[in-house]
Amino acid sequence: MAHLQPPLPPPTPLARYRLLSPTAGVHVSPIQLGAMSIGDRWASVGVGEKRFGMGSMDKESSFKLLDAYFDAGGNFIDTANN
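For reference, each letter of the sequence shown is one residue, going 1 to 82 in my numbering.
Written out as structure tokens, the structure is:
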């Protein structure tokens, strides 16, 4: 009976989800991925020669990072803007 077998172990420790909040019932990865440097929108923000150092990634690199995080079991991405 397949429904009585224990689940397979996670592929990496990143997939050992933790309860974010007991009232929400949301399970997330133990480490979140900060998305501040994903994309290149902020690469040229600044005044004159001074840049704010937000970092940048082209579209291909951004998707590679997101795919690797997801494939390792990650499901918690910080997209806050401040």
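Virtual Cβ for every residue (Gly too), placed ideally from N, Cα, C. If you're wondering where the values come from, they're calculated on a predicted model, not measured in any experiment.
Check	Outcome
Near the ligand SAH: Thr23 beta-carbon under 7 Å from a heavy atom	Within the structure as shown, the ligand SAH is missing, as the structure has no ligands at all.
Close Cβ partners of Gln32 (< 7 Å) along its chain, the five nearest in sequence each way excluded	Phe76, Ile77, Asp78
Whole-angstrom distance between Arg18 and Gly25, CA atom to CA atom	10 Å
Expected contact under 8 Å - CB spacing of Gly73 and Pro11 to nearest Å	6 Å
Identified DSSP bridge partners for His27	Leu19
Same chain, Cβ closer than 6 Å to Tyr69, neighbours up to 5 away in sequence not counted	Leu33
Distance between His27 and Ser21 (C-alpha atoms, nearest Å)	8 Å
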